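Chain order of the listed sequences is A and B.
Residue 1 is where the first sequence starts when you use the numbering used here, and the numbers rise one by one after that.
Residue 358 is where the second sequence starts when you use the numbering used here, and the numbers rise one by one after that.
Step one of this worksheet: look at the structure below.
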Amino acid sequence: MEKFVTTWNAIPPDLQSLIIVTMQIVAVMLTVIIAVALLTLAERKVIGYMQLRLGPNRVTFLNLRLLRGWAQPFADVVKLLLKEIIIPSASSRLLFLLAPLIVLVPALAAWAVMPFAPEFVLADVNAGLLYVLALTSLGVYGVILAGWASNSKYAFLGAMRSAAQMVAYEIAMGFALVGVLMAAGSLNLGDIVRAQQGGVASWNWFWLFPLFIVYFVSGLAETNRAPFDVAEGESEIVAGFHVEYSGATFATLFALPEYANMILVSALCSVFFFGGWLSPLQGYVPDDWFVAQPGFFWLFLKICFFLFVFLWVRATFPRYRYDQIMRLGWKVLIPVTLVWIGVESVLAWLHVGPWAN
Amino acid sequence: MLVTILFYSFAAVLIGAALGVILSRNPVHSVLFLVLCFFNAAVLWLLIEAEFLALVLVLVYVGAVMVLFLFVVMMLDINIEKLREGFARNAPLGVLIALIVIVELYYVLWVRRLGIEVTGGTAPLPENYSNTAQIGAVLYTEYVYPFQLAAIVLLIAIIAAIALTMRKRPGQKVQDVAHQVSVRAKDRVRIVKMATEREP
Chain A
1 MEKFVTTWNA
11 IPPDLQSLII
21 VTMQIVAVML
31 TVIIAVALLT
41 LAERKVIGYM
51 QLRLGPNRVT
61 FLNLRLLRGW
71 AQPFADVVKL
81 LLKEIIIPSA
91 SSRLLFLLAP
101 LIVLVPALAA
111 WAVMPFAPEF
121 VLADVNAGLL
131 YVLALTSLGV
141 YGVILAGWAS
151 NSKYAFLGAM
161 RSAAQMVAYE
171 IAMGFALVGV
181 LMAAGSLNLG
191 DIVRAQQGGV
201 ASWNWFWLFP
211 LFIVYFVSGL
221 AETNRAPFDV
231 AEGESEIVAG
241 FHVEYSGATF
251 ATLFALPEYA
261 NMILVSALCS
271 VFFFGGWLSP
281 LQGYVPDDWF
291 VAQPGFFWLF
301 LKICFFLFVF
311 LWVRATFPRY
321 RYDQIMRLGW
331 KVLIPVTLVW
341 IGVESVLAWL
351 HVGPWAN
Chain B
358 MLVTILFYSF
368 AAVLIGAALG
378 VILSRNPVHS
388 VLFLVLCFFN
398 AAVLWLLIEA
408 EFLALVLVLV
418 YVGAVMVLFL
428 FVVMMLDINI
438 EKLREGFARN
448 APLGVLIALI
458 VIVELYYVLW
468 VRRLGIEVTG
478 GTAPLPENYS
488 NTAQIGAVLY
498 TEYVYPFQLA
508 AIVLLIAIIA
518 AIALTMRKRP
528 GQKVQDVAHQ
538 VSVRAKDRVR
548 IVKMATEREP
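Put into structure tokens, the structure is as follows:
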């Protein structure tokens, strides 16, 4: 220990901070990836129970009888990594292999500005909200490229659908976030959380309820989740943009980014509308109680709740028809956000509610 | 020092990608090189602490405009050979335009900046300086009329695009949503009452 401290102090301060930041990034990324693995299991279990099945209940490890099936995602990872990667002979080889990475990188990089706890955020940038929007809009390139580079009709159709859908819902999502930044007066995610101080009723969801619904629905559409998963509609176009992918490329193109994006959208939903790491009981119980303290625990609970809603929606709703998706995006969600931004500015002008001071 | 190294490496990638746009044979690759260009330009803006402009460039151009561009280029059936046919005929015009651009760049970079330190970078901005707020403050006060004019031009462009595609043309298939919703079972199924037929 003594020796470690002296070596550590001998390192120049720039290098010290570089090492610390790198370790923080690795820690966040590993957490996200493990969360993805457990989320795939949770998805199969939750949907299983909703449909009166058991879900995965065989693969186990360490002989944990009560949690039978918990090692299923790790077995799946091993299976996917050991499978052969098939590259279609008529494909554009470089882009075919590049596409999974282009989907994966923004899904992980967006976590850089996420405020996990009052004092822990990787990069406390001023324009954090814009950064998140910019990065989430990049994932669509991977999907389009995967569809185009596969040189397959089904993959191409899936890519076209996905691109049109993502561009349409990004606008609704952006407008919903305009309402959030009007309420917080800042683009910094930490400041957006701090602006919602004071218990469950003063979080943004109450005054911005329509925007919250729009944001969550657009989040479902952006992540290509049911009921908006026409990009991979099995009954029409086999599997959509990832039909030609196999093994490890399938895992990085489809499974990892999709679930990482689900967790990201849930986390952003909690930050923008549900007070991030703030405690819901703040102001309702004495301030020195443990449950009134802000902390990562609350963010974690909120993320879990939204992830459950994601799975619940998937188990409940049938898939939308393609033209209905476009109609919902352009003709319902965007007008709703525009109207509510107007309502919000009138409220702020009249000093009603949270804008009272 | 680090900023200088970053600047030159990103600028080098930017120039390489710009060359890729005009030199690659496949139009889809050209579009992707253009995306790389925008991305590197955004990073250069980040290096001079203009984070709002950088992120909006990525958000608008990379995230929306280029996606639609890629969309169109993938759908088009472009005959490269035919496009290359008029090269010799159009070369003098191309050379002329290139010369004009070079002269203009020379004017901007050399004559107008004569005696001004341009490679030193800008002075670091103070802490808590938000250039998003600064741009907003200038845009909605000093430049409010140009800003509104630009918005009207964009609105006209949107209306024009809709007007061009929404016209009635033969063979067009559209859904009438109100009609779809108001359909009742009796419009689709006809139940016929008839006497039971006897076994022959």
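Each residue gets a CB set at the ideal place from its N, CA and C atoms; glycine is no exception.
No experiment lies behind these values; they were computed from the predicted model shown.
Please look up how many angstroms separate the CB atoms of residue i and residue j, rounded, as I've assumed it's under 8 Å.
i: residue 162/A; j: residue 241/A; result: 6 Å
i: residue 273/A; j: residue 208/A; result: 7 Å
i: residue 303/A; j: residue 36/A; result: Between residue 36/A and residue 303/A the Cβ distance is about 13 Å, and since that is not below 8 Å, they are no contact.
i: residue 326/A; j: residue 168/A; result: 6 Å
i: residue 196/A; j: residue 204/A; result: 6 Å
i: residue 243/A; j: residue 154/A; result: 5 Å
i: residue 113/A; j: residue 125/A; result: 6 Å
i: residue 184/A; j: residue 412/B; result: Actually they are not in contact, since the Cβ atoms of residue 184/A and residue 412/B sit about 17 Å apart, beyond 8 Å.
i: residue 492/B; j: residue 409/B; result: 6 Å
i: residue 336/A; j: residue 214/A; result: 6 Å
Anyone know if the C-beta pair for residue i and residue j falls short of 8 Å?
i: residue 146/A; j: residue 99/A; result: yes
i: residue 275/A; j: residue 180/A; result: no
i: residue 140/A; j: residue 160/A; result: no
i: residue 174/A; j: residue 133/A; result: yes
i: residue 88/A; j: residue 135/A; result: no
i: residue 148/A; j: residue 432/B; result: no
i: residue 47/A; j: residue 314/A; result: yes
i: residue 420/B; j: residue 333/A; result: no
i: residue 257/A; j: residue 103/A; result: yes
i: residue 423/B; j: residue 458/B; result: no
i: residue 39/A; j: residue 245/A; result: no
i: residue 52/A; j: residue 248/A; result: no
i: residue 407/B; j: residue 488/B; result: yes
i: residue 414/B; j: residue 399/B; result: yes
i: residue 397/B; j: residue 426/B; result: no
i: residue 28/A; j: residue 122/A; result: yes
i: residue 298/A; j: residue 277/A; result: yes
i: residue 293/A; j: residue 270/A; result: no
i: residue 85/A; j: residue 157/A; result: no
i: residue 211/A; j: residue 176/A; result: yes
i: residue 231/A; j: residue 151/A; result: no
i: residue 190/A; j: residue 284/A; result: no
i: residue 404/B; j: residue 360/B; result: yes
i: residue 116/A; j: residue 296/A; result: yes
i: residue 393/B; j: residue 374/B; result: yes
i: residue 558/B; j: residue 395/B; result: Lying before the first or after the last residue shown, residue 558/B is absent from chain B, which here runs from 358 to 557.
i: residue 218/A; j: residue 267/A; result: no
i: residue 59/A; j: residue 42/A; result: no
i: residue 281/A; j: residue 291/A; result: yes
i: residue 186/A; j: residue 354/A; result: no
i: residue 511/B; j: residue 504/B; result: no
Selection of the region 168-181 of chain A by Cβ proximity to chain B, strictly under 9 Å: 170, 171, 174
Chain A contacts made by the region 508-532 of chain B, where a contact means CB separation under 8 Å: 532
Interface residues of the region 407-422 of chain B facing chain A [CB-CB below 8 Å]: 408, 409, 412, 413, 415, 416, 419, 420, 421
Any alpha helix (DSSP H) of 4 or more consecutive residues that is wholly inside the region 416-470 of chain B: 423-432, 437-441, 444-463
The region 309-320 of chain A: positions lying closer than 9 Å to chain B by Cβ: Listed in sequence order: no entries.
Contacting positions in the region 32-65 of chain A - beta carbon closer than 8 Å to chain B: none
Members of the region 316-349 of chain A near chain B, C-beta cut-off 7 Å: Hits within the stretch, in order: 323, 327.
Runs of alpha helix (DSSP H) wholly within the region 77-159 of chain A (minimum 4 residues, chain order): 93-109, 128-136, 139-149
Segments of 4+ residues assigned as alpha helix (DSSP H) that fall wholly inside the region 174-253 of chain A: 189-194, 204-207, 209-222, 234-237, 247-250
Residue ranges of each alpha helix (DSSP H) within the region 292-335 of chain A, 4 or longer: 296-316, 322-327
Segment contact, 8 Å Cβ cut-off, at least three pairs: the region 317-331 of chain A with the region 509-526 of chain B: no
Near-chain B residues of the region 113-126 of chain A (beta-carbon distance less than 9 Å), N- to C-terminal order: For the region 113-126 of chain A, which is checked against every Cβ of chain B, the residues closer than 9 Å are 125, 126.
Three-pair Cβ contact test at 8 Å for the region 222-234 of chain A versus the region 337-350 of chain A: no
Contiguous beta strand (DSSP E) assignments of at least 3 residues, all confined to the region 5-83 of chain A: none
Chain-ordered residues of the region 187-204 of chain A with a beta carbon less than 8 Å from chain B: 187
Residues, ordered as in the chain, of the region 18-30 of chain A that lie near chain B by beta-carbon distance below 7 Å: none
Residues in the region 487-506 of chain B having any Cβ partner in chain A nearer than 7 Å: 487, 489
Any alpha helix (DSSP H) of 4 or more consecutive residues that is wholly inside the region 488-553 of chain B: With a minimum length of 4 residues, the unbroken runs of alpha helix (DSSP H) contained wholly in the region 488-553 of chain B fall at 488-496, 501-522, 534-538, 542-545.
Residues, ordered as in the chain, of the region 142-154 of chain A that lie near chain B by beta-carbon distance below 7 Å: For the region 142-154 of chain A, residues whose beta-carbon sits nearer than 7 Å to a beta-carbon of chain B comprise 144, 148.
Contact residues within the region 205-232 of chain A, judged by C-beta distance below 8 Å to chain B: none
Chain B contacts from the region 87-115 of chain A (Cβ-Cβ distance under 7 Å): Of all residues in the region 87-115 of chain A, none has a Cβ within less than 7 Å of some Cβ in chain B.
Under 7 Å (Cβ pairs) to chain A, residues found in the region 371-388 of chain B: 385
Uninterrupted alpha helix (DSSP H) stretches inside the region 253-280 of chain A (no shorter than 4 residues): Listed in chain order, they are 256-273.
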